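K.L.:
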């Protein structure tokens, strides 16, 4: 068991180092090569050699010893400081979105179960598929449009963008939570539909327990670990679309920090890519992802004796 | 439920019940009958494959528009319309609102191009890109999955670890990095980089499913038999395992199309779209010497979304229509995949276990004879 955990940790560390290195070198390459498009005559002098790339990567590694994870090329601002201010703001969004999708998703899933036939309502199934197909940013575009068109001058129902731990949270969380919610709802309903014909449910009903208690105390406990796993799977979508949603709402988290490195447009230059910043943020996101997977695995392990038995058997 | 239904159906029916009923009671029959009828109806309903029934026409419509859209469109996508005077003598200046001027049901953008025509032209490049990406992912995924599932030990472990690592990365970031790098390498038309970026981030999903299926199948007696007959590994894999895997590939294709469309939409929103190289450089006084403006030419869904969001406060309907088109396409392929999955699952299992159906990509598998 301990050996397995150690092996997993070592693998994860190796993966993080490789990811960090690849991102750094790729971003550095982009930064140095970008001006070539406009000054083709200087291409030869601009093109980075393998040696120069390796050199700057080594100096980037050296910055780890100082604990600042490199610094911005222009201003010399340490990356760790930027990430430390941005990360909590993103964590608030992710955490609340996951919480909302867990609570609302499970609730909707139980609600969409026809208690009489003990099967999933086909209409609910299709609604949840539609919800899962809805890109979060599109939902927010439509809502922003409705808010803007319906607003009286000077007061709107909800703020259309910006940072704040109040009503500013509503739209980003709606956009982030829509897909996980639909997924959790659909899976809860389908797992339940499989669980309900079983004998122990019949026994619980025969004892005279109310349906609500049968659902929550008996059936739901058995599918809890599966629901948790599906929630951790949907975290991948949430983190991936975090970039888009933070960019859309100008939420000053790590997603926007990363997007501001890559997204071009009027008055934005792509050579503003900061290698150390990109590598740092992508590493942080990967760590976040691994931690969540680990926490969910641990929770499943402690909640579900079947999983424990399986792990002991392996 | 079936048991209950059978109880009801086998219960001895009272004789000449119906003859005693008055005609008016036909609409409100006796107590057991409506329950039977309702249960029968529900059983019938639960047997209908709604996702497939809805998904197939939706996907067909999308594919027809993607292929024949350019012939259906009333105007050319980059034809510009100027100020129009309607019958009442009022002047209309682009951007026309939806329905403001006759002949432009979805309005125009700020330089006077018909949004409906652009929307009819736009799905073509997007559809073929997405189809290409899904096919590439499946091709690579199937080969890797066969390799991973067939081998045991180190090879399999290594492939699985790489696949997990690829799966753990946020797809969007990797795609953004790859596309940027390849557009720097002088690939002006950026369909190639898109194909590559979206393929390398997505091959792990199909590979995992194929490997799981192969791992289940490799203990089957017929595989053992063919090995006993002296068949080589290659022959067993391609002659005996591949056909078994082929049956689930349409399901994976539909889901991959849907997933790729979603990533394409998000990338388009972040200004990464096919033909993204069409940037218009205006000299300025600063270091690189230019400021870049995106110049939307021939339409593509991601590009229309990007430009639509840029001009959202001038002409919000453009982004709304294009987003709706994306949602429609994603939903259509999602339904098709779900429907196909149910259909396959029903073929192999009379009663399909939800646990096997639940994972988005898991297709119900035959349990091997020997455990």
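Residue numbers (the working numbering), protein chains in the order written: chain A, 64 to 377; chain B, 425 to 795. Ideal Cβ positions, reconstructed from N, Cα and C, are used throughout, including at glycine. Just so we're clear, the structure is a prediction, and the values are computed from it rather than from any experiment.
#1: Tell me whether the beta-carbon of residue 344 (chain A) lies closer than 8 Å to the beta-carbon of residue 321 (chain A).
#2: Using 8 Å as the limit for Cβ to Cβ distance, is residue 39 (chain A) near chain B?
#3: Pair every Cβ in the stretch 522–538 of chain B with every Cβ in the stretch 584–599 of chain B, then say whether three or more of these pairs are closer than 8 Å.
#4: So, does the CB of residue 600 (chain B) fall closer than 8 Å to a CB anywhere in chain A?
#5: With a threshold of 8 Å on Cβ separation, who are the neighbours of residue 302 (chain A) within its own chain once the five nearest residues in sequence on each side are excluded?
#6: Of all Cβ atoms in chain A, is any one closer than 8 Å to the Cβ of residue 744 (chain B)?
#7: For residue 313 (chain A), name the three-state secondary structure that DSSP assigns.
#8: For residue 382 (chain A), go through chain B and note every residue whose CB falls closer than 7 Å to its CB, in chain order.
#9: Starting from the C-beta of residue 650 (chain B), find all residues in its chain whose C-beta is less than 7 Å away, skip the five residues before and the five after it, and write them out in chain order.
#10: Using a C-beta to C-beta distance shorter than 8 Å, which residues of chain B count as neighbours of residue 189 (chain A)?
#11: Run down chain B in chain order and give the residues with a C-beta less than 7 Å from the C-beta of residue 145 (chain A).
#12: Could you tell me whether the Cβ atoms of residue 676 (chain B) and residue 624 (chain B) are closer together than 8 Å?
#13: Please work out which residues of its chain come closer than 6 Å, Cβ to Cβ, to residue 445 (chain B), disregarding the five sequence neighbours upstream and downstream, and give them in chain order.
#14: Assign residue 224 (chain A) to one of two classes, buried (16 or more other C-beta atoms within 10 Å of its C-beta) or exposed (fewer than that).
#15: Are three or more beta carbon pairs between the stretch 236–251 of chain A and the stretch 160–171 of chain A nearer than 8 Å?
#16: Can you tell me whether residue 642 (chain B) is helix, strand or coil according to DSSP?
#17: Got a sec? Which residues, its chain only, sit under 7 Å from residue 509 (chain B) by beta carbon, not counting five neighbours each side?
#18: Can you have a look at residue 314 (chain A) and say buried or exposed, based on whether 16 or more other CB atoms are within 10 angstroms of its CB?
#19: In or out: residue 324 (chain A) buried (at least 16 other Cβ within 10 Å) or exposed?
#20: Please confirm if the stretch 264–283 of chain A is in contact with the stretch 211–222 of chain A, defined as three or more CB-CB distances below 8 Å between the two stretches.
#21: Is the Cβ of residue 171 (chain A) closer than 8 Å to any Cβ of chain B?
#22: Using a Cβ-Cβ cutoff of less than 6 Å, which residues in the same chain neighbour residue 452 (chain B) once the five nearest sequence positions on both sides are dropped?
#23: What residues of chain B sit near residue 89 (chain A), judged by a beta carbon separation below 9 Å?
#24: Whose Cβ in chain D lies nearer than 7 Å to the Cβ of residue 215 (chain A)?
#25: Would residue 680 (chain B) count as contacting chain A if we go by Cβ distances under 8 Å?
#26: Opposite residue 463 (chain B) in the DSSP bridges: which residues?
#27: Taking the alpha-carbon of residue 469 (chain B) as reference, which of A:116, A:177, A:119 has the nearest alpha-carbon?
#28: Go ahead and pull the three-state DSSP assignment for residue 532 (chain B).
#29: Given this structure, state the Cα-to-Cα distance separating residue 366 (chain A) from residue 359 (chain A), to the nearest angstrom.
#30: With distances taken Cα to Cα, identify the nearest neighbour of residue 489 (chain B) among B:670, B:552, B:559, B:731.
#31: Report the option in B:555, B:463, B:519 whose CA atom is closest to the CA atom of residue 491 (chain B).
#32: Would a check of beta-carbon distances place residue 633 (chain B) closer than 8 Å to chain A?
#33: Does the count of Cβ pairs from the stretch 477–486 of chain B and the stretch 751–760 of chain B closer than 8 Å reach three?
#34: Within 10 angstroms of the Cβ of residue 87 (chain A), are there 16 or more other Cβ atoms? Answer buried if so, exposed if not.
#35: Could you list which residues in chain B have their beta carbon closer than 8 Å to that of residue 86 (chain A), in chain order?
#36: So which residues on chain A does residue 589 (chain B) lean against when the C-beta distance must stay under 7 Å?
P.N.:
According to the data block:
#1: yes
#2: Outside the modelled stretch of chain A, which goes from 64 to 377, sits residue 39 (chain A), for which no answer is possible.
#3: The stretch 522–538 of chain B and the stretch 584–599 of chain B do not touch, with fewer than 3 CB-CB distances between them shorter than 8 Å.
#4: yes
#5: 157, 348, 351, 352
#6: yes
#7: coil
#8: There is no way to answer for residue 382 (chain A), as the model of chain A reaches only from 64 to 377.
#9: Taken in chain order, the residues that qualify are 660, 664.
#10: Taking a Cβ-Cβ cut-off of 8 Å, the neighbours of residue 189 (chain A) in chain B comprise 474, 475, 478, 759, given in sequence order.
#11: Those do not exist, as residue 145 (chain A) stays about 17 Å from chain B at its closest Cβ, beyond 7 Å.
#12: Not closer than 8 Å, so no.
#13: With a pLDDT of 44 at residue 445 (chain B), under the threshold of 50, the modelled position of this residue cannot be trusted; read the value that follows with caution. Take residue 445 (chain B), set aside five residues on each side of it, and no residue of its chain has a beta-carbon closer than 6 Å to its own.
#14: Exposed is the call here.
#15: yes
#16: coil
#17: 515
#18: buried
#19: Residue burial is scored here from C-beta neighbours: residue 324 (chain A) has at least 16 other C-beta atoms within 10 angstroms and is therefore classed as buried.
#20: no
#21: With 8 Å as the cut-off, residue 171 (chain A) does not count as an interface residue toward chain B.
#22: Legend: pLDDT at residue 452 (chain B) = 47, less than 50; position of this residue unreliable, value from coordinates given subsequently. Closer than 6 Å at the Cβ level, and outside the excluded window around residue 452 (chain B), lies no residue.
#23: Ordered by position in chain B, the residues that pass the 9 Å Cβ test against residue 89 (chain A) are 601, 602, 604, 605.
#24: Absent from the structure: chain D. Protein chains present are A and B.
#25: For residue 680 (chain B), no CB of chain A lies under 8 Å from its own CB, so it is not counted at the interface with that chain.
#26: Per DSSP, none; premise fails for residue 463 (chain B).
#27: A:177
#28: strand
#29: 10 Å
#30: B:552
#31: B:555
#32: no
#33: yes
#34: By the neighbour-count rule (16 or more Cβ atoms within 10 Å), residue 87 (chain A) is buried.
#35: For residue 86 (chain A), the C-beta contacts it makes with chain B under 8 Å involve 601, in order along the chain.
#36: 78
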